[in-house]
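Okay, so here's the structure we're looking at.
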Amino acid sequence: MKKFRKVLDGLTTSSPVNAGGSPACGSAAGTPTAAPTPRELDIQETLMSEHFQICKTVRHGFPYQPTALTFDPVQKILAIGSRSGGVRILGRPGVDCFCQHESGAAVLQLQFLINEGALVTACADDTLHLWNLRQRRPAILHSLKFNRERITFCHLPFQSKWLYVGTERGNTHIVNVESFILSGYVIMWNKAIELSTKTHPGPIVHLSDSPKDEGKLLIGFESGTIVMWDLRSKRADFRIYYDEAIHSVSWHHEGRQFMCSHSDGSLSMWNLRNTAKPFQVTFPHGKSQRDGRKESCKPILKVEYKTCRNSESFVIFSGGLSYDKAGRRPTLTIMHGKAITVLEMDHPIVEFLVLCETPYLNEVQEPYAAVVLLEKDLIVVDLTQSSFPIFENPYPMDIHESPVTCTAYFADCPPDIIPVLYSIGAKHKKTGYSHKEWPVSGGTWTVGSQSYPEIIITGHADGSIKFWDATAITLQMLYKLKTSKVFEKPKGSETARGAELVEEDPYAVQMVSWCPQSRIFCVVGISAHIILYCFSRHDSNTAITSLEVRLQCEVEDVISPSDTENAVCLMDAGGHSPQPPSPRGNTPDGARDGARDSIPCLKVKDRVIRMPPGYQAELVVQLLWVDGEPPQQITSLDLNSAYGLLALGNCNGLVVVDYLQKTIILCMTTLELYGSADPFQRLTRSPRKNRQSTSGLTELSDNQVSLDQERSKSPTSESRENSFSRSRSSSVSSIDRDTKEAVTTLHFAESYGRRSDVLPAPCLWVGTSLGLVLIVPMSIPTDEQERMEEPVTIAPTSTVLMLKGSVLRFSFLDCTGGLIHSPHEAWRDTHAPDDPERPRRRRLVNFSPCFSQEAGGDGHLAVVCSERQAKVFFMPSQACLYVHNITESSFVLRADVVAISNISNSVCLACFCANGHIMILSLPSLRPLLDVHYLPLTDMRIARTFCFTNGGQALYLSSPTEIQRITYSQEMCDNLQEMLGELFTPTDTPEAQNRGFLKGFFGGNTQTFDREELFGEAAAGKASRSLAQHIPGQGSVEGVRAAAGGAVGELARARIALDERGQRLGELEERTALMMASAETFSKHAHELMLKCKDKKWYQF
1012 MKKFRKVLDG LTTSSPVNAG GSPACGSAAG TPTAAPTPRE LDIQETLMSE HFQICKTVRH
1072 GFPYQPTALT FDPVQKILAI GSRSGGVRIL GRPGVDCFCQ HESGAAVLQL QFLINEGALV
1132 TACADDTLHL WNLRQRRPAI LHSLKFNRER ITFCHLPFQS KWLYVGTERG NTHIVNVESF
1192 ILSGYVIMWN KAIELSTKTH PGPIVHLSDS PKDEGKLLIG FESGTIVMWD LRSKRADFRI
1252 YYDEAIHSVS WHHEGRQFMC SHSDGSLSMW NLRNTAKPFQ VTFPHGKSQR DGRKESCKPI
1312 LKVEYKTCRN SESFVIFSGG LSYDKAGRRP TLTIMHGKAI TVLEMDHPIV EFLVLCETPY
1372 LNEVQEPYAA VVLLEKDLIV VDLTQSSFPI FENPYPMDIH ESPVTCTAYF ADCPPDIIPV
1432 LYSIGAKHKK TGYSHKEWPV SGGTWTVGSQ SYPEIIITGH ADGSIKFWDA TAITLQMLYK
1492 LKTSKVFEKP KGSETARGAE LVEEDPYAVQ MVSWCPQSRI FCVVGISAHI ILYCFSRHDS
1552 NTAITSLEVR LQCEVEDVIS PSDTENAVCL MDAGGHSPQP PSPRGNTPDG ARDGARDSIP
1612 CLKVKDRVIR MPPGYQAELV VQLLWVDGEP PQQITSLDLN SAYGLLALGN CNGLVVVDYL
1672 QKTIILCMTT LELYGSADPF QRLTRSPRKN RQSTSGLTEL SDNQVSLDQE RSKSPTSESR
1732 ENSFSRSRSS SVSSIDRDTK EAVTTLHFAE SYGRRSDVLP APCLWVGTSL GLVLIVPMSI
1792 PTDEQERMEE PVTIAPTSTV LMLKGSVLRF SFLDCTGGLI HSPHEAWRDT HAPDDPERPR
1852 RRRLVNFSPC FSQEAGGDGH LAVVCSERQA KVFFMPSQAC LYVHNITESS FVLRADVVAI
1912 SNISNSVCLA CFCANGHIMI LSLPSLRPLL DVHYLPLTDM RIARTFCFTN GGQALYLSSP
1972 TEIQRITYSQ EMCDNLQEML GELFTPTDTP EAQNRGFLKG FFGGNTQTFD REELFGEAAA
2032 GKASRSLAQH IPGQGSVEGV RAAAGGAVGE LARARIALDE RGQRLGELEE RTALMMASAE
2092 TFSKHAHELM LKCKDKKWYQ F
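Under the working numbering, think of the first position of the sequence shown as 1012, with each following residue one higher.
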């Protein structure tokens, strides 16, 4: 094998290398090319394939499209089901678990097995699932698939193992939740109603056992029919036929009366002594009209009737408002005695629950809170105070307060940054919350051993920025920044000017850049603007400096190979297919085009502004309109606090800003950067008359859109497409004459601008959409006073490196394989009171002549990753040491050079591809360490928000309202169990109250009965096998065996086939048994008739 590998190495190292450092053909992954190196590098790589594994860690945010809600009153945990089949289980802060049904069917209803550590879910595919919550990652123990009926409602009595299941046909089935086997006891709809009834009562919308007698089951049908079914005698005690459709039913705790909510906005009260008619009907929000009738109201979707020991009862319901006012917000109405309080909600109500002190339905309930699940929020109302304040939500449920447009993830931050941000953000928190503790307090959670400061930054469509503390797989908001405060509010005709480019979101955040050490923060907005912020603990009164840049490309980036040697590189570089200009309805007409020139999209406030402590705007850079055309969106950004420089690029060129002197030091088109080193031939032209579509940036839908429309790395294509797996043509002829070369990535670093350089110096690395890399050296004064007075000089060189596809990422390693961190400035508070003894001077890290001398003797390695390829160059010789073709059929969306913690020289290249693959490559040898198909890329949101960070972690926006964090580290996967919270904690079930002798003597006590006697197989028999199919879950013994691979998996499949065959045989056996029983009955009756008539004469008949 070793000999064979040497032969392969000999073949691959013989590939010629051109002047740009690219081999004529891509060499094998991880093999050094034949380019001459200054000396033999001996880097010991410590990362191996066994160090990596993909695993989901935790999901943050509000469950997207919620459908169901339930609460365990003993364990104090809450569960929320969603339309996509997800279940979120929440306890105390830190206890947050996400489960997913493999079918993806919507969750219709949830039922906790109270204080048992289990949860039953009913899904839209008519399947019941039993989840085991006694483990940190819940798993399904059993599933029961209904084949002939659709599930509409479930009810599980407290401390019972028998689950009542109502169906669309009006039948009620009973399931043993321990074995998940259907009982033979069935309440058929035609038995529940009177035989004289001519119409079907409709689906079952309510099931509950009487608080007074568990042997009585109240069944509510959609049409308005209510039946009290005696489970022992198998007959109806009473039937109620009401004119209005029923939505919900709620019992009084004594079991003598109950309340119904109806579709006409009414509430009806029924007494068991007289069920002929309701003893009370009220329209809580219906006003009496002149003719005496109540005005029509919206349906009351749910009502809860709860009693209190020392005050009036609570009646809480959703809906029921009159139709007289259009556009009224959804409401929750609380009726306490004669007082009626209407709470208006910002979003439609999905479900609500009333939390009570006791889990026993036959005791005084004593409600203390109401949990309201809205379409986009979760609210808990304190019922113990007359003003009904809400509790402060400890979960990060407001990530989607404004649609998320970009994310950034920083692991192992400076330890002092989180307390500082929290102290500043705490001053702006809302007030008026309930002073009581958050009622959902179940589970246990402790900080794991792997805990280091982590921060997530989210940018939003309204221009706001949120900093989140993500330490130890939790999420808590630290600080919120509103970028829109930098600009004047548009007035009148000014509104249209900015709206023409960005429509309704002129401040939407496109990307962010943050230096945690210097606390410099930079925001790129969709209106082609950049805001630079500095952090201060003190407020200040300052004026914001505004720089306006006219960046116009006067050449057509038509490319053609200058010679045949570059043909292969050119074909691979032109990654983008031609795209026609996107028509827009709000395009300025010719008359307005001439007037709109050299103006920005937004107007910066031009006066002294008082800025509170926190991030304070120092500088705004805006690109200007040119000849009636809006500026192209900014596609790349980098800042360096040690240099005091900011660089930005788009499809027209590059701009470098000195933010210390607040001047523009470079504004050049891409062609001007090349100079004589341009590898392509270009033709002059007039400016292109088209613009980019930006509506997709803030889109909340799950529709597939074209990658090139929204991806900030390659914004040059403007049309929507329906697939991410499209072929990106690599032929020369496919490069359209309107293709522009965009600046796709920028990076400031101490590097070598020329091959002849001996020592590293400040440089700007520029990557373009055609796969070209330019190195721009800079001369920066080192003395602080000179730095503020002398200009920074930039001299573009002829250094050009080439790769396949758009360039995405730069990084640098020393000759031992360690990551070289960019120089930065230590943070200093520029607005702090002056201290004569300690003058505030700039303190630079990794930026000094001494540092350059230390690093200069050896040179360093430059890691460059593009959409298709990764290369490692040795600097200053610019020799390509390693090359790896990452993908041919797809393209890389995100690439980051990251360090895995607790391992020396643990630097690797992490890539996320459009085909859903996550790849890890070793550095510097680019050996593939991991290639996993993680998730199919079905939405632009994932591509826009996916990012890697150090410590083996990554995140993306899994839905418009949720952030999914994952790990690709085997060590973190192994330690994940101790990092997650415990959902179940052993707790004693509270004892039922002693009701006293007199109350029991006069019939007020609850009658108990043995359900096993009624529903067990001995009494009720077996249910038909064709009615429902039992499926072992992954968490059960059968499921574990079935999930085993290889021959065991084949045996499992064979067993399932045998079970299906056995099921069909069982059905045949049942039919045969019925026929035999019928024949025996007939034979018995015939024999009895024969004996009766045996001795009679013929005339006696």
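Using N, Cα and C, we set each Cβ at its ideal position, and we do this for glycine too. Note that the coordinates shown come from a computational prediction; the quantities given were computed from them, not determined experimentally.
Among the options, nearest to residue i - alpha-carbon criterion
i: H1439; options: K1491, Y1420 and Y1406; result: K1491
i: H1944; options: E1761, P1074, H1928 and F1269; result: H1928
i: I1401; options: P1450, F1294 and E1362; result: P1450
i: A1760; options: L1814, L1830 and A1753; result: L1830
i: I1476; options: A1437, L1486 and Q1521; result: Q1521
i: T1236; options: L1781, R1246 and V1216; result: V1216
i: I1198; options: P2043, T1646 and L2025; result: L2025
i: Q2040; options: L1119, T1138, Y1654 and S1307; result: T1138
i: F1421; options: M1983, L1966, G2027 and C1984; result: L1966
i: V1326; options: H1871, P1077 and M1270; result: M1270
i: M1799; options: P1289, C1110, G1655 and P1378; result: G1655
i: S1244; options: S2089, F2020 and C1134; result: F2020
i: F1157; options: V1668, A2034, A2003 and D1053; result: A2034
i: V1908; options: C1891, M1930, E1899 and V1777; result: M1930
i: E1323; options: P1077, Q1086, M1983 and M1346; result: M1346
Cβ separation of residue i and residue j, assumed to be a contact under 8 Å, to the nearest whole Å
i: G1177; j: P1212; result: Between P1212 and G1177 the Cβ distance is about 11 Å, and since that is not below 8 Å, they are no contact.
i: R1879; j: G1816; result: 4 Å
i: D1357; j: D1393; result: 18 Å between Cβ atoms; not a contact.
i: W1240; j: A1203; result: 6 Å
i: Q1633; j: N1661; result: Not a contact, Cβ separation roughly 13 Å.
i: V1260; j: S1219; result: 7 Å
i: I1805; j: V1787; result: 6 Å
i: A1873; j: S1762; result: 7 Å
i: L1124; j: A1079; result: Not quite, the Cβ-Cβ distance comes to about 16 Å (not below 8 Å), so this is no contact.
Beta-ladder partner(s) of residue i, from DSSP
i: Y1544; result: F1532 and A1628
i: W1173; result: N1187
i: M1346; result: V1326 and I1351
i: E1403; result: Beta-bridge pairing links E1403 to no other residue.
i: E1250; result: Sequence inspection shows Arg at residue 1250; the Glu mentioned does not correspond to that position. Partner(s): V1238.
i: L1432; result: The partner list for L1432 (beta bridge, DSSP) is empty, contrary to what the question assumes.
i: Q1633; result: H1540 and E1559
i: E1362; result: L1384
i: Y1420; result: I1467
i: M1622; result: S1551
i: H1944; result: H1928
i: N1143; result: A1129 and A1150
i: P1378; result: C1367
i: W1525; result: F1532
Can you confirm whether the stretch 1682 to 1689 touches the stretch 1803 to 1813 when touching is taken to mean that 3 or more C-beta pairs between the two stretches lie within less than 8 Å? yes
If you pair each beta-carbon of the stretch 1673 to 1683 with each one of the stretch 1817 to 1828, do three or more pairs fall below 8 Å? no
Contained alpha helix (DSSP H) runs [length at least 4] in the stretch 1435 to 1521, N- to C-terminal order: As for any alpha helix (DSSP H) of minimum length 4 sitting wholly inside the stretch 1435 to 1521, the runs are 1505 to 1513, ordered along the chain.
Counting pairs of beta carbons, one from the stretch 1252 to 1269 and one from the stretch 1371 to 1380, are three or more of them closer than 8 Å? yes
Count the CB pairs spanning the stretch 1611 to 1631 and the stretch 1548 to 1566 that are closer than 8 Å, and state whether there are at least three. yes
Are three or more beta carbon pairs between the stretch 1161 to 1173 and the stretch 1128 to 1136 nearer than 8 Å? yes
Meets three-Cβ-pair contact criterion under 8 Å: the stretch 1441 to 1457 and the stretch 1102 to 1114: A contact between stretches requires three or more CB pairs, one per stretch, nearer than 8 Å, and the stretch 1441 to 1457 meets this requirement with the stretch 1102 to 1114.
Could you tell me whether the stretch 1626 to 1643 touches the stretch 1526 to 1542, where touching means 3 or more Cβ pairs closer than 8 Å? Counting Cβ pairs under 8 Å, three or more are found: they touch.
Does the stretch 1481 to 1498 touch the stretch 1462 to 1469, meaning 3 or more C-beta pairs lie closer than 8 Å? Because the criterion of three Cβ pairs below 8 Å is met, the stretch 1462 to 1469 and the stretch 1481 to 1498 touch.
Is there contact between the stretch 1145 to 1160 and the stretch 1978 to 1994, where contact requires at least three CB pairs shorter than 8 Å? yes
Can you find at least 3 beta carbon pairs, one from the stretch 1951 to 1961 and one from the stretch 1898 to 1908, that sit closer than 8 Å? yes
Counting pairs of Cβ atoms below 8 Å between the stretch 1405 to 1413 and the stretch 1430 to 1439, do you hit three or more? no
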